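What follows is a short report on a single structure.
Residue numbers (the numbering used here): 1 to 781.
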């Protein structure tokens, strides 16, 4: 059997380039699988330890205000194990450098905090000490001892930075009224010692954020209604489980996205490598047909004859797995760096998991062995006597070519066409080699175009203002408009109201937002991800498609909306339209119609306006001195935040596009080489009978053009499938991706595949010149 194995290895060595191609494609699949899995496990393990260490709660409640002494009543609810409350407030913060209007979500902390503990680096804030959010501290280049001023009503107070703070509830901290992604230059958390914040705000003994831990065996559904009943008098603005808490849900969505990518893309690469292995082994087994027949005649079992080929498949998967594991290291480091830009995660050294590498190697091995078994199965069924002689040629029909083709084609072209018609499977194989790289690369190349379209559309059709103010409470609409118009340089002023609301539909609940603005607004409009304008409609709500998906709601359904400022009880509103927006979330209503549904007077807490060119700095300075301004957003900054997010995604897509280019290069060249080697005897015989090399090259050119054209045609519907899959797995709570592949991306994919096919054609011409007629005659004997 050693001699038999050596013969198989010698045969494999004769077609080494094809096996190297299979190794490279397996390596690309292992690279993606290991990198994405390791990142997911690193984030998961880091967060689980973080949640456990900081005693992350099971239920989260936001209230208007509640006396802390009343917390004990909640412990009487069956299933509630522990209750914790703290005071919090959004406050303006000024640093020595000035410039931007900065806001912080200020938390009251104490060393006795039992749930949702703050992770403090440096000194605990006492007296005039303050801890600033870790990412804001880093991004703004702050230092311990730096003075900062908190704008509390009309009384600015100076504190000194004594440390940094992180809190598991605010891993994903979104500025109020701004982009739906973090911008820690202007918004983050901060903390003061509990009594210090209570004295600053004049709210001694008051809490407005609760964390609740449940007894084992109890769920949020078991205690939700009792909590709502007992807390309703304190103005509930949010009551959610851990799964629906913003930061937790955002990270959970990222884990699902990473899991989908780690399964889908590697599977594609593994199947392509299996496809190549199958084709190569079929040719190797056909070459060894007589040897296999002889060994079967001497009584060798099928398992023994198969082992050598399985060994070749195992070698290919082993080399591919090793190479892919090595290449995954830099990709993991880069991906973890990108996550650290947008999420306030605790520091952690990147850990490399052997389990992910073992799983990837096992999957690659199984797929490779499956490809080998599929290739070996046919020849092992043949009787030894039949294996001793050449395979009987398949019967072909002798139909003539139609006259309109026969008269217009040269002899070489007619011969090529007959070959393609007789060998449809081979030509489909060659067409697939071009179709798949064309489809995948075209879709991936379209990402940058789509991203540019998304944020250009956002600020030419949706967010048309220059600046937006969030106020420290709800104000009278007319009074605010009159006050703002006194500031020179401001024009096209509009007011809108944004409420944090609890949305409920059937068994689903979600903390979201309700935004009310004018139907004919010139500063804020709605548009879907294709750029089509959406008008606010009378008679109900327009809801974002991502929000609707979480609630399982469709147009025509009733949605329960609750906010203590608007009504004491939940209000049911009809959903009139589901909008597929590129960015954002929540639901929308006409501000002039809102009073129909809610009994309390509708105030406004956001102001949108344009600023005359050259007046931006002066207007910004005036607004920074206004005590009622809670936060400040410029459309240019929001655009920058969106661009930054999409650009980071774009860098990962660039990596994936490079991998698809590499796969296309390997696949096209190797499949063409395999098909050319299969016809080596045919071309050698034609050369022997005096056919000019030029005519043979014409035949190869004609066939490759036909196969390439068929591949491009197949690639178009295949790209639709790839587009829909990638759109689904790459969309998140912050944005909705709808890939629509533009002609320029198809053109790039076409030129990529055409260039590789041209190189393959040149290599085929070179191989044609190396055919030894004498060797061909020996083989035919």
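For every residue, glycine included, the Cβ atom is placed at its ideal position computed from N, Cα and C.
All values derive from a computational prediction rather than experimental measurement.
By the Cβ test, the segment 761-768 is not in contact with the segment 548-563, since fewer than three Cβ pairs between them sit closer than 8 Å.
Secondary structure note for residue 164: its beta strand (DSSP E) is the uninterrupted segment 155-166. Setting aside the 5 residues that flank it on each side, residue 222 is surrounded in the same chain by 79, each with a C-beta closer than 6 Å to its C-beta; the list follows chain order. Counting of Cβ neighbours within 10 angstroms places residue 744 among the exposed residues, the total staying below 16. Excluding residues up to 5 positions away in sequence, 560 lie with their Cβ nearer than 6 Å to the Cβ of residue 504 in the same chain. Residue 498: member of the beta strand (DSSP E) spanning 490-505, first to last residue. Per DSSP, residue 83 is one residue of the beta strand (DSSP E) stretching across 80-86. Under the 10 Å beta carbon count, residue 254 is surrounded by 16 or more other beta carbons and is classified as buried. In its chain, beyond the 5 residues on either side, 619 and 622 have a beta carbon closer than 7 Å to the beta carbon of residue 487. In this structure, the alpha-carbon of residue 549 lies about 16 Å from that of residue 528. With respect to the 8 Å criterion, residue 324 and residue 27 are classified as neighbours on the basis of their beta carbons. Looking at the DSSP output, residue 272 bridges to nothing.
Per the C-alpha coordinates, the member of 662, 122 and 105 positioned closest to residue 151 is 105. Considering only 269, 616, 36 and 625, the residue with the shortest C-alpha distance to residue 489 is 616. Leaving aside the five residues that flank residue 148 on each side, the residues in its chain whose CB is nearer than 7 Å to its CB run, in chain order, 93, 94, 95, 130, 159 and 161.
In the structure shown, the three-state DSSP call for residue 754 is helix. Look at the beta carbons and you see the segment 187-195 touching the segment 126-141: at least three pairs across the two are nearer than 8 Å.
Around the beta-carbon of residue 515, 16 or more other beta-carbon atoms lie within 10 Å, marking it buried.
In the DSSP annotation of this structure, the continuous segment of the alpha helix (DSSP H) that includes residue 20 starts and ends at 16-53. Separation of the CB atoms of residue 175 and residue 547 is rounded to 19 Å, and the pair is thereby denied contact status at 8 Å.
In terms of CA proximity to residue 156, 627 leads the group 462, 227 and 627.
For residue 605, there is no enclosing alpha helix (DSSP H); the residue is found in the beta strand (DSSP E) stretching over 604-611. 103 is the residue among 235, 103 and 534 whose C-alpha sits nearest the C-alpha of residue 469.
The C-beta distance from residue 669 to residue 760 rounds to 5 Å, short enough to meet the 8 Å contact threshold. Taking one beta carbon from each stretch, the segment 47-67 and the segment 320-339 have fewer than 3 pairs nearer than 8 Å; the two do not touch. Within the same chain, Cβ atoms closer than 8 Å to the Cβ of residue 513 are found at 498, 499, 500, 501, 585, 586 and 587, the five residues on either side in sequence being excluded.
Only exposed fits residue 64, as fewer than 16 other CB atoms lie within 10 angstroms of its CB. In this model, residue 217 and residue 242 are separated by some 15 Å (Cα to Cα).
Contact between the segment 257-270 and the segment 30-40 is present, with at least three C-beta pairs closer than 8 Å.
Within the same chain, Cβ atoms closer than 8 Å to the Cβ of residue 484 are found at 490, 493, 607 and 609, the five residues on either side in sequence being excluded. Taking C-alpha positions only, residue 510 is separated from residue 552 by approximately 11 Å.
Within the same chain, Cβ atoms closer than 7 Å to the Cβ of residue 564 are found at 64, 235, 236 and 237, the five residues on either side in sequence being excluded. Your pair residue 371 and residue 313 checks out as a contact, with CB atoms roughly 7 Å apart and the cut at 8 Å. Nearest Cα to residue 74 within the set 229, 428 and 219: 229. DSSP places residue 690 outside any beta strand (DSSP E), giving it a letter other than H or E.
Two segments are said to touch when three or more pairs of C-beta atoms, one from each, lie closer than 8 Å; by this definition the segment 529-536 does not touch the segment 595-605.
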